[in-house]
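Chemist: Just so you know, the UniProt record's numbering puts 101 at position 101 of the sequence shown, and the rest follows in order with no gaps.
Note that beta-carbon positions come from the ideal geometry of N, C-alpha and C, so glycine has one too.
Sending over a structure as structure tokens; questions will come in a sec.
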Amino acid sequence: MSDIMLKLLNVESSYGPIKAIRGVSLQVERGQIATVLGSNGAGKSTILKTISGIIDPRKGSVEFKGQDITARDPAHIVQRGLSHVPEGREVFPLLSVRDNLLMGAYTRRDRDGVARDMEQVYACFPILKERAAQNAGLLSGGQQQMLAISRALMAAPELILLDEPSLGLSPKLTKEIFEIVVRINRERGTTILLVEQNANMALNAADYGYVLENGRIVMEDSCAALREKDDIKEFYLGMKDEGVRGERRWKKKKTWR
Ligand SMILES: Nc1ncnc2c1ncn2[C@@H]1O[C@H](COP(=O)(O)OP(=O)(O)OP(=O)(O)O)[C@@H](O)[C@H]1O
């Protein structure tokens with residue numbers, strides 16, 4: 001029997017009158033990397049903010065490890081084992097790299113475990129050990145992304161929500177970050193829900209994917225199957241269908257609409 005770590009049922013969240021997500025249902029199995037793909041403004045970040053308690057949904061429910069966490073306090077949700085790496089990294093620029101990492105472990109009381117995890121993070125990201133005493137604001141964009149992911153790891157989470165880790169990074173750094181994400185999943189068994197605009201990277205790293213458009217899930221499947229779908233190739237992977245040209249091509253509709 002599969003072990004469901006996260007389950008959203010018919011979730012709807014709004015910003016005042018703007019409905020950002022509607023009727024979103026999805027689930028993530030323990031040990032899996034799942035991804036939500038979608039273009040700008042599709043509602044990807046809103047899904048993650050609703051899960052981690054930053055936004056209270058208008059409707060629907062969020063279950064984590066079989067327990068209802070809908071609209072619970074974010075600190076409570078972190079303590080239960082769920083960490084959120086927000087878009088844009090948001091490290092504390094005037095704190096040292098080391099203090100940023102310790103902030104991630106703020107809710108923990110097991111000092112030995114924290115020290116052990118700090119060493120593991122340094123082993124995974126040697127640059128953070130080199131720069132441990134430096135202010136985080138002096139790190140490059142890619143290094144700040146590594147720090148943001150590491151800070152989440154310091155909470156010893158069972159599930160990490162990762163918001164657009166590729167944002168603003170070079171293709172080379174993006175590849176490196178994705179390799180690390182997969183490594184964290186394989187080596188530590190951490191379950192990951194990743195939202196991305198870089199569909200190519202996300203579909204290669206993840207096991208299962210959801211496609212979000214205008215706040216609704218319009219398609220879901222294993223990433224292997226999604227990579228083979230013509231609509232995904234055309235609209236998300238930028239591969240043109242050479243058999244359909246000119247006006248016919250413009251008239252071609254996505255099959256999920
Ligand atoms: N703080 C806010 N106030 C009002 N509207 C918002 C706010 N944040 C997001 N929205 C709106 O909610 C919708 C979904 O936004 P969201 O940030 O979840 O999309 P996204 O898929 O993460 O986009 P991107 O890839 O550009 O980050 C958009 O229409 C956006 O304009």
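#1: Can you give me the start and stop residues for the beta strand (DSSP E) that A105 sits inside?
#2: If you scan the stretch 124-180 from start to end, which runs of the beta strand (DSSP E) of 3 or more residues do you find wholly inside it?
#3: Within 8 Å: the Cβ of I217 and any heavy atom of ligand 1?
#4: Which term fits R186, buried or exposed, when burial requires 16 or more other beta carbons within 10 angstroms of its beta carbon?
#5: I'd like to confirm something about Y236: is its beta-carbon nearer than 8 Å to some heavy atom of ligand 1, or not?
#6: Between A20 and ligand 1, is the CB less than 8 Å from at least one heavy atom?
#7: Just checking Y210 against ligand 1 - is the residue's beta carbon closer than 8 Å to any of the ligand's heavy atoms?
#8: My guess is that V85 and A136 are in contact by the Cβ rule of under 8 Å, so how many angstroms apart are they, rounded?
#9: Cα separation between E228 and R98?
#10: Could you tell me which of D231, I54, D163, G41 sits nearest to R216, measuring between CA atoms?
#11: Flag Q79 as yes when its Cβ comes closer than 8 Å to any non-hydrogen atom of ligand 1, and as no otherwise.
#12: Roughly how many whole angstroms lie between the Cα atoms of R131 and G23?
#13: Using a 10 Å radius around the Cβ and a threshold of 16 neighbouring Cβ atoms, would you call Q143 buried or exposed?
#14: With DSSP as the reference, label K229 as helix, strand or coil.
#15: Please tell me whether, using a cut-off of 8 Å, the distance from the CB of E12 to the nearest non-hydrogen atom of ligand 1 is below it.
#16: Considering only DSSP beta bridges, list what E63 is partnered with.
#17: Check whether the stretch 41-57 touches the stretch 93-112, taking contact to mean three or more Cβ pairs, one atom from each stretch, closer than 8 Å.
#18: Applying the criterion that 16 or more other CB atoms from any shown protein chain within 10 Å of the CB defines a buried residue, is G43 buried or exposed?
#19: Counting beta carbon pairs with one atom in the stretch 7-19 and one in the stretch 168-178, are three or more of them shorter than 8 Å?
#20: Near Y208, which residues of its chain fall below 7 Å by C-beta distance, leaving aside the five closest residues on each side in sequence?
#21: Determine the direct distance from the alpha carbon of R111 to that of M154, and round the result to whole angstroms.
Modeler: Based on what the coordinates show:
#1: Note, A105: premise wrong, no beta strand (DSSP E); not H, not E.
#2: Here the runs fully enclosed are 159-163.
#3: I217 Cβ: outside cutoff for every heavy atom of ligand 1.
#4: Within a 10 Å sphere around the beta-carbon of R186 sit fewer than 16 other beta-carbons, which makes this residue exposed.
#5: Every heavy atom of ligand 1 is 8 Å or more from the Cβ of Y236, so no.
#6: With a threshold of 8 Å, the Cβ atom of A20 counts as near ligand 1, since some heavy atom of the ligand is closer than that.
#7: No, Cβ of Y210 sits at least 8 Å from all heavy atoms of ligand 1.
#8: That pair is no contact at about 14 Å.
#9: If you draw a straight line from the Cα of E228 to the Cα of R98, it comes to about 43 Å.
#10: Checking every option, the nearest Cα to that of R216 belongs to G41.
#11: No, the beta carbon of Q79 sits no closer than 8 Å to any heavy atom of ligand 1.
#12: Spanning the two alpha carbons is a distance of roughly 44 Å.
#13: By the neighbour-count rule (16 or more Cβ atoms within 10 Å), Q143 is buried.
#14: DSSP places K229 in coil when its eight states are reduced to three.
#15: Ligand 1 has no heavy atom closer than 8 Å to the beta-carbon of E12.
#16: K7, D68, per the DSSP bridge assignment.
#17: The stretch 41-57 is not in contact with the stretch 93-112.
#18: With 16 or more Cβ atoms within 10 Å of its Cβ, G43 is classed as buried.
#19: Segments in contact, no.
#20: Around Y208: Q32, A34, S222, C223.
#21: Put simply, the backbone Cα of M154 is about 11 Å away from that of R111.
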